[in-house]
Amino acid sequence: MTVLSEAGSALSHGGSRAIRRSPYPGWFFLPAALIYGVLFLAPTFASLYFSLTRWTLFNSTFIGLDNFAQFFREPFLVQGPVNTVLYAAVTSGLKVVLGMLLALLLTSAIMGRGYLRSVVFFPVLVSTVGVGITFTVLMHPTRGMINDTPALFGIKGPGWLVDPRLALFSVALVDVWKGVGPATVIYIAGIVAIPKDYYEAARIDGATKWQNFLYVTLPLSRPATATVIILSFIGGLRTFDLIWAMTRGGPGFASDTIASVIYKQYRAGFYGLSTAGNVVLFVLIGIWSCR
Amino acid sequence: MAGLELKSLRKSYGEVEVIKGVDLNVEHGEFVVFVGPSGCGKSTLLRMIAGLEEITGGDLFIGDKLCNDVEPRDRGIAMVFQSYALYPHMSVYDNVGFGLKLAGAPTDVRDRKVREAARILQMEHLLDRKPSQLSGGQRQRVAIGRAIVRQPEVFLFDEPLSNLDAALRVDMRMELSKLHHDTGATMIYVTHDRVEAMTTADKIVVLNAGVVQQVGSPIELYQRPANLFVAGFIGSPKMNFVELTVEKLGPDSVTVSGKDIGPTTVPADPTSLKPGDTVTPGIRPHDLTDQSSGNLVGEVSLVERLGNETNVSLRLPSGAARLAVLDGDHELRIGQSLPLAFAPDRAVIFNKSGIALHRK
Amino acid sequence: MKSRPSIFLGIIAIPVSALVFLVPFAFIILTAFKNKQQATLLDFSWPDGFHLWNNIVEVVTTRNWMLLTAFINSTILTVASVTLPVIFAAMVGFVLARRKTRWNGLIEFLILAGLMIPPAVVPTIWLLQGIGLFGKLHGPVLIEVAYGLPFSIILYRAFIATIPRELDEAAIIDGARPFDVFFRIILPLLWPVTVTNIVVQSVGVFNDFTNPLYYLPGNANATVQLTLYNFQSQFNTSYNLLFTNILLITIPPLLVFLFFNRHIVAGMTAGAVKG
Ligand SMILES: Nc1ncnc2c1ncn2[C@@H]1O[C@H](COP(=O)(O)OP(=O)(O)OP(=O)(O)O)[C@@H](O)[C@H]1O
Ligand SMILES: [Mg+2]
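Residue numbers (our numbering), protein chains in the order written: chain A, 1 to 291; chain B, 1001 to 1360; chain C, 2001 to 2275.
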């Protein structure tokens, strides 16, 4: 019988301890790290330098912060960042509100629920360019279907894409039309995950439907709201294809975003300036996600 | 031949030391059980033996080989997990044969061994099923089968029965004993079920907070617990402890008395004691009998009548609550006073620091 | 909470949703059936005759069968760039979920960054030119792989975290080396997420317009989205052809939607919850 055996002295084993390898080897990162590092991280870091140069792709001259100064001085360039933030705010705000409402509708007992869920979701799968072209036609100021209907009553519809004050918001509306599906799906997942107990407890306390929503559903779907905001805001900041397919930043520069400016400057051969646009966009996203 | 030797084995997670220097000898063919409260480090110690946890300090010998840095597959061990850990996408046949396949055993050898294991465990009819199509007990069999085919020198079990229902647990417990008998392999078994430990073990290792409290056969632990912790941990219901004062010292006995018990002479090693010291005798509830001459008198506060025995909770004069298990059925009133006696040589005296003072 | 389905709400919601979400599609289909004159009116009317087949033939054969080439290019791009990262991402997700080191924080930061930060296009073009992949299909394949990795890794890591670690340990005791643990135990269990991953990413890559626009200049390598963009100016007056084109390139994702609806929804929520 050993009682509280006193600590035996550790033997030394000579120098030759084999190092046991982890069952989770670090080299598993390698293939992904290589592709990601070379094709994503390296250009991203390179952009920090090239944004400070006048650049022809073959040689670059360091010009300090000139590109950025130009970016915020030229009226047609400065419109980009402003529009970008506006666009992101409008689309993500609408997606939050509409996504929440649709999710409430689609988690309630409603006739044709399966059909409704599919129909809300599937614009996501259609090519953005295709959607852009279709809505450009539908929003045609005189012949477009959207204005045809009010025209029947003698009301003149707005010039959705040709009115400089409206163009950006018209594109944003189409963005919401296309992107409200994922927001709804995220909200549905959030709402379905709320334990039924809460509603039952609330019912025992005599809560009305509205109180149920206000004190149970709304607070408990906060994580879903956070997700929708993050995804759609960042998506909004980056938007290029829809804008390009519908207005190309026009009329004039009325609906230019940073992403469309980057493309325009690239096409025009101002590579340094284009890259500076990219850096502005990183910074914007960086600031927003660290807030 | 594979015994085990653990020499001041240590394990730390960062700053926290969870195994604090364990020394242990396991003979070849022994059935050793690790018991202890939750979080005391049983699993960690077992996993260090398996090679699933890095050893922070000390030496581990399996057979005569220093195994600190040997890969699990080369340690000659097999392990059965609490959750069984069957590969969900493989049939029972492939689950059992996986190790042999990795070792590059020829197909016919593998087939023979898998079928042999299935025959031993009476699960030949299950070979084509997926784990999801098995009951808990059947999964357990497959997990054991997977261990058997490796023909290990040492089997390691981490609470293998705790996911089974009570009846099945008893069956599997007996089967494990049989397996131990048939294979003659060394087995190390972790459980927090004391009955499981008492019934299966050749040797029990009681752990608390990463320190070995006592190693011994089940009966040794029951009759001669090394300290208060082991005394309280082994045996059910729990041993009663009463604080008393030393009156008189004999050559190999101590006379104690106090508020709750009149002067009683208990066999013990008196060398470290002097009259006036406080000690804690431990008395098992089963060792108390109701006798009008008894020198322990308490007030009955709760009675549980099971027919063959009666559990009586008592309040002692000092206010402490104690439990007695009396043979046979007794009709007792709550509030009545009940005198109890105990055979002094069944009591164990613990000194102030909780160490048992057994007679030499 | 169980009550009978609200017929009243349904009666409002179904037509409204149809008007908002289905009419634009109906418009695409109707216009694709029309001839040039009728299509120019841009109205929501029944086609005068069945011109779909003629429109298809004209769209497909125009500019030397460019749409056909584009379909082939898009298919290659999609298949290659979606299958390649499956194993790479699963490997990263596996080690990331299992091994806690002080590098994990940095790695997770880089992955999140990849999900949020837009790629720096001009430097990427400069780099592709440097390694001789600019304007070739390989370049964009690798690019799409790189851009898709963060999403896949997050998806796989979350799923692998639900696979009990004891499974790895049982395999290790059975004699499995790291390679075996991954390829024989973990990878086969990842099948459901892999389907989700492939479906979500392939719809994304097939519909991607921006990256081919930058990295695949020239007609020879055009993808379907690029042809649509190019035709937009060419068919400025032939709305029937433009919408036939839209219809044709919408069919593959639509089929995916019909067959893999559940996986797409799962991918959206899984990716989102983590993101
Ligand atoms: N990876 C780890 N990091 C830090 N501490 C750990 C880790 N694994 C285990 N521990 C700690 O080590 C101690 C021993 O854990 P162990 O799992 O060995 O307990 P146990 O005796 O098996 O308990 P149980 O009966 O509940 O299974 C616990 O206090 C636990 O919190
Ligand atoms: Mg344990």
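For every residue, glycine included, the Cβ atom is placed at its ideal position computed from N, Cα and C.
For clarity, every value in this text was computed on a predicted model and none was experimentally measured.
Count the other C-beta atoms from every protein chain shown that fall within 10 angstroms of the C-beta of residue i, then say buried if there are 16 or more, exposed otherwise.
i, result
"A/Y271", "buried"
"C/G2141", "Correcting the residue identity first, residue 2141 of chain C is Val in this sequence and not Gly. The residue is buried, with at least 16 neighbouring Cβ atoms inside 10 Å."
"A/F58", "exposed"
"A/W160", "buried"
"B/Q1213", "buried"
"A/D256", "buried"
"B/M1174", "exposed"
"C/H2263", "buried"
"B/H1181", "exposed"
"A/G26", "exposed"
"A/I133", "buried"
"A/E6", "Confidence at A/E6 is low in this model, with a pLDDT of 32, below 50, so the placement of that residue should be treated as unreliable; the coordinate-derived value is given next. The residue in question, A/E6, is exposed, as its Cβ has fewer than 16 Cβ neighbours within 10 Å."
Measuring only between beta-carbons, confirm whether residue i sits less than 8 Å from chain B.
i, result
"C/L2213", "no"
"C/D2043", "no"
"C/G2175", "yes"
"C/P2188", "yes"
"C/G2114", "no"
"C/I2107", "no"
Residue i by DSSP, collapsed to three states: which one?
i, result
"A/N147", "helix"
"C/A2013", "helix"
"A/T2", "In this prediction, A/T2 has a pLDDT of 37, which is less than 50 and means its spatial position is unreliable; nothing more can be read from the coordinates."
"B/M1187", "strand"
"B/P1070", "Checking the displayed sequence, the identity of residue 1070 of chain B turns out to be Val instead of Pro. If DSSP states are grouped into helix, strand and coil, B/V1070 belongs with coil."
"C/I2154", "helix"
"A/T257", "coil"
"B/G1058", "strand"
"B/V1254", "strand"
"A/Y24", "coil"
"C/K2100", "coil"
"B/E1027", "coil"
"A/I63", "coil"
"B/F1241", "strand"
"A/S51", "coil"
"C/I2117", "coil"
"B/M1079", "strand"
"A/F68", "helix"
"A/T142", "coil"
State yes or no: is the beta carbon of residue i nearer than 8 Å to at least one beta carbon in chain C?
i, result
"A/G169", "Looking at the sequence shown, residue 169 of chain A is not Gly but Phe. False, the Cβ-Cβ gap to chain C never drops below 8 Å."
"A/I234", "yes"
"B/A1078", "yes"
"A/N278", "yes"
"B/S1083", "yes"
"A/I155", "no"
"A/R222", "no"
Below 8 Å on the Cβ atoms is my contact criterion, and I expect residue i with residue j to pass it. Report the Cβ-Cβ distance as a whole number of Å.
i, j, result
"B/L1302", "B/S1318", "Wrong, their Cβ atoms sit about 18 Å apart, outside the cutoff."
"A/G250", "A/F71", "Not confirmed; about 20 Å, so no contact."
"B/L1288", "B/P1270", "Rounded, the Cβ-Cβ distance is 24 Å, inconsistent with contact."
"B/L1126", "B/Q1138", "6 Å"
With a cut-off of 8 Å, does the C-beta of residue i fall near any C-beta of chain A?
i, result
"C/V2273", "With a pLDDT of 46 at C/V2273, under the threshold of 50, the modelled position of that residue is not reliable, and the figure given next carries that caveat. So yes, C/V2273 belongs to the interface."
"C/T2124", "yes"
"C/M2001", "Bear in mind that a pLDDT of 44 at C/M2001, under 50, signals an unreliable position, so the model cannot answer this."
"C/F2050", "no"
"C/Q2038", "no"
Could you check if residue i belongs to the surroundings of ligand 4, using beta carbon to heavy atom distance under 7 Å?
i, result
"B/G1039", "What this structure holds is ligand 1 and ligand 2, not ligand 4."
**Prompt:** Any residues in the segment 1007–1026 of chain B with a beta carbon nearer than 8 Å to a beta carbon of chain C? Which ones, in chain order?
**Reply:** none
**Prompt:** Listed from N- to C-terminal order along the chain, which residues in the segment 2145–2166 of chain C have their beta-carbon within a distance smaller than 8 Å of any beta-carbon of chain B?
**Reply:** P2164, E2166
**Asked** For the segment 1100–1120 of chain B, which residues have a beta carbon sitting closer than 8 Å to at least one beta carbon of chain C?
**Response** L1102, A1103
**Message:** At a CB distance below 7 Å, what residues from the segment 1156–1168 of chain B approach chain C? Give them in sequence order.
**Reply:** none
**Item:** Where the segment 2232–2261 of chain C meets chain E: residues whose CB sits under 9 Å from a CB there
**Value:** Here the protein chains are A, B and C, and chain E is not one of them.
**Request:** May I ask you to list, following chain order, the residues of the segment 2177–2208 of chain C that have a beta carbon less than 7 Å from some beta carbon of chain B?
**Result:** D2180, I2185, P2188, L2189
**Message:** Tell me which residues of the segment 1039–1056 of chain B have at least one Cβ-Cβ distance to chain C shorter than 7 Å, keeping chain order.
**Reply:** A1050, L1052
**Chain-ordered residues of the segment 2048–2081 of chain C with a beta carbon less than 7 Å from chain B** = none
**Request:** Using a Cβ-Cβ cut-off of less than 9 Å, give me the residues of the segment 2001–2028 of chain C that come near chain A, in sequence order.
**Result:** M2001, K2002, S2003, R2004, P2005, S2006, I2007, F2008, L2009, G2010, I2011, A2013, I2014, S2017, A2018, V2020, F2021, L2022, V2023, P2024, F2025, F2027, I2028
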